[in-house]
Amino acid sequence: MIDRLPTVRLFAIGVAVVSASAVALAHQDDPKAKGFAPIYEGPGWRASAHALGGPSFPAEGIDLLAWMPLTEFPGAGAGPAADIWGYVSPSGREYAIVGTSCTTGFVDVTDPTDPQLVGSIEGPCCIWRDIKTYDHYAYIVSECGLGIQVIDL
Numbered sequence: 180m181i182d183r184l185p186t187v188r189l190f191a192i193g194v195a196v197v198s199a200s201a202v203a204l205a206h207q208d209d210p211k212a213k214g215f216a217p218i219y220e221g222p223g224w225r226a227s228a229h230a231l232g233g234p235s236f237p238a239e240g241i242d243l244l245a246w247m248p249l250t251e252f253p254g255a256g257a258g259p260a261a262d263i264w265g266y267v268s269p270s271g272r273e274y275a276i277v278g279t280s281c282t283t284g285f286v287d288v289t290d291p292t293d294p295q296l297v298g299s300i301e302g303p304c305c306i307w308r309d310i311k312t313y314d315h316y317a318y319i320v321s322e323c324g325l326g327i328q329v330i331d332l
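In structure tokens, the structure reads:
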């Protein structure tokens, strides 16, 4: 009987090399592999500070009331944002809870022309941070493997 084991091994190695090459080429334009665009480091814009109106952008029936760049978040929070969730307190104050790569920020948007960062929680830097609210709690998770953060709002 002919020993076919070396031929089978060589064939298996060849298939593995071709498969690995095909997978690498199939994902060459994956945006995660390219990294993120640089974070804008200029000033934000608030309608409450500009009486003549906001910067123009193509819109129909939409007005820009404020724009808060991520660099206004403290510490390592100046990274890409992944999620935003809203919360209305029993007193009627409105908050945007923003998940960035390294921080969860709490922004008072009761006056939408003048948003104010009122608090933040820093954590390990990850690709995303996701927030949901129920009752007076915010539930925050990320892929960093730290479990779930429960915040009493």
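Remember, the numbering used here sits 179 above the position in the sequence shown when you count from 1. Heads up, the beta-carbon is just placed ideally off N, CA and C, and yes, glycines get one too. All figures in this text were calculated on a predicted structure; none of them were measured in a lab.
Applying the criterion that 16 or more other CB atoms from any shown protein chain within 10 Å of the CB defines a buried residue, is residue i buried or exposed?
{"i": "Ser321", "result": "buried"}
{"i": "Arg225", "result": "buried"}
{"i": "Val297", "result": "exposed"}
{"i": "Tyr219", "result": "exposed"}
{"i": "Gly284", "result": "buried"}
Leaving out five residues on either side along the sequence, give the residues of the same chain with a beta carbon under 8 Å from the beta carbon of residue i.
{"i": "Trp307", "result": "Ala261, Asp262, Gly278, Ser280, Ser321, Glu322"}
{"i": "Gln295", "result": "Val286, Asp287"}
Just to confirm my understanding: we take residue i, look at its own chain, exclude 5 residues before and 5 after, and list those with CB closer than 7 Å. What are they?
{"i": "Thr289", "result": "Arg272, Glu273"}
{"i": "Trp264", "result": "Ile276, Ile310, Lys311, Thr312"}
{"i": "Asp293", "result": "Arg225, Ser227, Ala245"}
{"i": "Cys304", "result": "Ala255, Gly258, Ser280, Cys281"}
Alpha carbon to alpha carbon, how far is residue i from residue j?
{"i": "Leu249", "j": "Gly221", "result": "10 Å"}
{"i": "Gly223", "j": "Pro259", "result": "16 Å"}
{"i": "Gly302", "j": "Arg188", "result": "48 Å"}
My guess is that residue i and residue j are in contact by the Cβ rule of under 8 Å, so how many angstroms apart are they, rounded?
{"i": "Ile310", "j": "Ile319", "result": "5 Å"}
{"i": "Ile330", "j": "Ala317", "result": "4 Å"}
For residue i, which residues from the same chain have a beta carbon less than 6 Å from its beta carbon, with the 5 sequence-adjacent residues on both sides left out?
{"i": "His315", "result": "Leu332"}
{"i": "Pro253", "result": "Ser299"}
Contiguous beta strand (DSSP E) assignments of at least 3 residues, all confined to the segment 244-309: 260-267, 273-279, 282-287, 295-301
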